[in-house]
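Q: Below is a structure I'd like to ask you about.
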Amino acid sequence: MEWKNFYRGLMMGASDVIPGVSGGTIAVLLGIYDRLITSINGLFSKDWKKHLGFLIPLGLGILTAIFLLANVIEWLFEHYPGPTQFFFLGLILGVLPYLFHKAEAKHNFKPKHYFLLLIGVVVVASMAFFNPIEGEVIENVTAPTYVLLFFSGFIGSSAMIIPGISGSFMLLLIGVYATIISAISNLQLDIIAVTGLGIAIGFIVMSKVIAYFLKNFYSGTFAVIIGLVIGSIFVVYPGWPTSTSFVLLSVGTFAAGLFVAYILGRVEYKET
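So the number in my numbering is just where the residue sits in the sequence shown, counting from 1, plus 1.
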């Protein structure tokens, strides 16, 4: 078991609770994105035990963050949304140089790759113009509701695994975000199970699609991934704070994000 992945899972799970921040982005920032895709696909191969050793600690970290940190993250996002988002801005900006280094952009990227990167930026940045409504908690759960939750989980997880596209944001667009967060907080096992099944199948299907492109078009795929991460800056950016105290707090959290990015770069990318 690679228990180092537990803290990585904590970071991915915490980010997945926040609309606008992608767990896939955090996986890229942590330097484990391509291995994550490989491990999900490898669950049905003869090396499944090795891949489980990678995925189990990661999954436990994600679940721990979602169940234990959901209320904390929600509270921070409700009371200090700007500073919280500035932390993620610092994190994303600080790790971008390492992403270009990992992709060996200086040697591998041609004009077509920068064009793909630009497409990635535009796709995610355009989401900043959406104004999704959280929606009401669904009280009367019927068979059609379960179908909706299953496909919401499928779509949400597909988005979670794509860098720059927030699964929580997609759940907001569908209108089930409040219902799922409420189910997690109140341990409504039926809703959690149905949504979880959709999430699991979505991860498997989308990881196979991404694995194909990483295997056959590595530089082009990584160019798009970097573009998606850059585009998430426009989604996460909350606007400049109006009060002096929030300016100072936001500058502090932004600096903290840069510092964490520096540490991640030293630890996670030391072999690249």
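Ideal Cβ positions, reconstructed from N, Cα and C, are used throughout, including at glycine. As the structure is a computational prediction, the values presented were derived from the model and not from experiment.
1. Could you check whether P58 and K5 sit closer than 9 Å to each other, using their CB atoms as the reference points?
2. Tell me which residues share the same chain as A256 and place their Cβ nearer than 8 Å to its Cβ, disregarding the 5 neighbours each side in the sequence.
3. Report the CB separation of P82 from L250 in whole angstroms; it is logged as a contact under 8 Å.
4. When the distance is taken between beta carbons, is L215 closer than 9 Å to G121?
5. What residue from G10, W49, I67 and G43 has the CA that sits closest to A1's CA?
6. Could you check which residue in I231, S244 and G154 has the C-alpha nearest to that of L94?
7. Under three-state DSSP, which class holds I162?
8. Helix, strand or coil for T243, going by three-state DSSP, please let me know.
9. Where does Q86 sit, in a helix, a strand or coil, going by DSSP?
10. Just confirm the distance between the C-beta atoms of G24 and G168, as a whole number of angstroms; I'd bet it's less than 8 Å.
11. Run the proximity test for P84: is its beta-carbon closer than 8 Å to any non-hydrogen atom belonging to the ligand GDP?
12. Considering only the beta carbon of each residue, do L150 and V195 sit closer than 9 Å?
13. Measuring straight from C-alpha to C-alpha, what distance separates K113 and S186?
14. On the criterion of 16 or more Cβ atoms from any shown chain inside 10 Å, does L190 qualify as buried, or is it exposed?
15. Could you tell me which of F45, N42, G43 and Y8 sits nearest to I27, measuring between CA atoms?
16. Can you give me the start and stop residues for the alpha helix (DSSP H) that D48 sits inside?
17. Does the separation of the CB atoms of M2 and L31 fall below 9 Å?
18. Roughly how many angstroms lie between the CA atoms of I234 and K50, to the nearest whole one?
19. With distances taken Cα to Cα, identify the nearest neighbour of A104 among F204, I33, V236 and V177.
20. Roughly how many whole angstroms lie between the Cα atoms of P1 and I139?
21. Anyone know if the C-beta pair for L44 and L61 falls short of 9 Å?
22. Give me, in chain order, the residues of the same chain whose beta-carbon lies closer than 7 Å to that of V29; leave out the 5 immediate sequence neighbours on both sides.
23. Round the Cβ separation of A224 and L118 to the nearest angstrom and send it over; I've been treating them as touching at under 8 Å.
24. Over what stretch of residues does the alpha helix (DSSP H) that includes V142 continue unbroken?
A: Per the coordinate set shown:
1. yes
2. G91
3. Between L250 and P82 the Cβ distance is about 12 Å, and since that is not below 8 Å, they are no contact.
4. no
5. There is simply no residue 1 to check, as the chain begins at 2 and stops at 273 in what is shown.
6. I231
7. coil
8. coil
9. helix
10. 7 Å
11. Of the ligands one can find in the structure shown there are none, so the ligand GDP has no counterpart to examine.
12. yes
13. 46 Å
14. exposed
15. Y8
16. Element bounds for D48: n/a, residue is neither H nor E.
17. no
18. 37 Å
19. Minimum Cα distance to A104 is reached at I33.
20. The chain is shown only over 2 to 273; residue 1 falls outside these bounds and no answer can be derived.
21. no
22. L100, P164, I226 and V230
23. 4 Å
24. It is not in any alpha helix (DSSP H) - V142 carries neither H nor E in the DSSP assignment.
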